[in-house]
Each structure stands twice: as structure tokens, then as C-alpha cells.
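Take 320 as the starting number for the sequence shown in our numbering and just add one per residue.
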Amino acid sequence: MEKATGLSSRRCRQLYCATAWLLLAYCALSAAYFAVIGGMAFYFFAAVILTLQHAVLMRPASNRLILQCSGLLILAALLFGAADLHLFSAAALLPSMMLALLSISRLNTNPKIRILLEISFIFSLMLLTYTQQHELNALQVHYASFSSGETWQQFGAL
Numbered sequence: 320m321e322k323a324t325g326l327s328s329r330r331c332r333q334l335y336c337a338t339a340w341l342l343l344a345y346c347a348l349s350a351a352y353f354a355v356i357g358g359m360a361f362y363f364f365a366a367v368i369l370t371l372q373h374a375v376l377m378r379p380a381s382n383r384l385i386l387q388c389s390g391l392l393i394l395a396a397l398l399f400g401a402a403d404l405h406l407f408s409a410a411a412l413l414p415s416m417m418l419a420l421l422s423i424s425r426l427n428t429n430p431k432i433r434i435l436l437e438i439s440f441i442f443s444l445m446l447l448t449y450t451q452q453h454e455l456n457a458l459q460v461h462y463a464s465f466s467s468g469e470t471w472q473q474f475g476a477l
């Protein structure tokens with residue numbers, strides 16, 4: 320019975336890692352496309368920071384102090400820089416905050432709190448992807464009013 324529990328725990332961990340990396344990759348690619356077509360570059364930098372934070376979090380525990388300090392510094396910088404952002408853009412700060420909480424070793428000792436933080440990280444990434452998609456649709460509607468009939472507009476570059 321213990322082996323089955325360990326195996327299911329291992330599979331849940333693999334599922335979490337795969338889901339997190341896929342969502343991070345989607346966020347980074349979507350944010351890069353959004354920045355290229357004229358949107359805010361804030362989402363791109365937030366996605367790069369999230370990817371770096373998640374990569375450091377997967378490292379051994381000796382590097383966790385670096386992540387804790389850098390995560391708190393990044394959050395402080397983003398919060399001070401986000402004063403002029405609206406509510407949708409502020410959603411980019413939630414996954415970073417969840418990773419900063421996940422890196423605190425006292426919260427990692429209790430498995431229930433760790434699972435709760437991992438689930439909240441996945442949900443905050445889903446919220447970020449929804450926010451990016453909403454902003455992309457708004458930008459596409461904005462650019463649709465400037466339609467000039469060029470081929471790049473006809474074939475879906477925007």
C-alpha cells in the first residue's frame with residue numbers, strides 16, 4: 320500500500336510539474352506575441368520572471384534562500400512599478416507571489432500547505448493566461464478598426 324501511495328504522489332508531482340511548465344510556456348509565448356504586436360511588455364517580463372523563479376524553485380534546497388530573497392525583491396519592484404497598471408495587469412503578480420510563498424521553507428514542511436500553494440499557483444497561472452487572452456482580444460478589436468485589407472491582416476497576423 321505504501322508503494323502505491325508513493326507512486327501516486329510521484330505521478331501527482333509529475334502532473335504538477337508538467338502543468339506548470341506548459342502554462343508557463345504558454346504565458347511566455349503569448350506575452351511575447353502580445354508585446355510584438357503592440358501590447359504592453361509587462362506581461363512578457365512577468366512571464367520571464369515567473370519562468371526563472373519556477374526554475375530556481377526546482378533546484379536543491381541550498382538555493383532556496385536566493386529564491387526567497389529574489390522573489391520578495393521582484394515582488395516589491397513589481398508592486399512599486401505596477402502603480403499605474405489596471406486590475407488585469409495586476410493578475411500577473413499573483414503567480415509570482417505564489418512562488419515566493421512556495422519557496423518559504425516553513426510552508427514547505429507541511430504537505431497540505433504545500434499542495435494548497437501548488438494548486439493556487441496553477442490557478443493563478445490559469446488566471447494569468449485568461450488575462451493575457453482577454454488583453455490580446457481587446458488589442459485585436461482595437462486593430463480591427465484600422466483594417467487596410469493587407470494580406471497580413473487577412474491571414475490572421477493579428
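Yeah, the Cβ is synthetic: ideal placement off N, Cα and C, and Gly gets one too.
1) Comparing alpha-carbon positions, which option in Y352, L444, S443 and L420 lies nearest R433?
2) Compare the C-alpha of L343 against each of L435, F440, A457 and Y462 and name the closest.
3) Counting C-beta neighbours from all protein chains within 10 Å, is the total for I356 16 or more, i.e. buried, or is it exposed?
4) Which same chain residues end up closer than 8 Å to M320 when comparing Cβ atoms and leaving out the 5 residues on each side of it in sequence?
5) Tell me whether T450 sits in a helix, a strand or coil according to DSSP, three-state version.
6) Quick one: residues in its chain with C-beta nearer than 8 Å to the C-beta of H373, no 5 flanking neighbours on either side, listed in chain order?
7) Going by DSSP, what residue range makes up the alpha helix (DSSP H) through M417?
8) Should Y362 and Q452 be called a contact, given that it needs their Cβ atoms to be closer than 7 Å?
9) Going by C-alpha to C-alpha distance, which of L447, R330 and K431 sits closest to A365?
A quick look at the data gives this:
1) Nearest C-alpha to R433: L420.
2) The shortest Cα separation from L343 among L435, F440, A457 and Y462 belongs to F440.
3) An exposed status is given to I356, since fewer than 16 other beta-carbon atoms sit within 10 Å of its beta-carbon.
4) In this predicted model, M320 has a pLDDT of only 39, less than 50, meaning its place in the structure is not dependable enough to derive any value.
5) It is helical.
6) Counting only Cβ-Cβ distances below 8 Å, and skipping sequence neighbours, we find A339, W340, L343 and L418.
7) Taken as a continuous stretch (DSSP letters only), the alpha helix (DSSP H) holding M417 covers L412 to S422.
8) Taking 7 Å as the cut-off, the Cβ atoms of Y362 and Q452 do not count as close.
9) Residue L447 is the option with its Cα nearest to A365.
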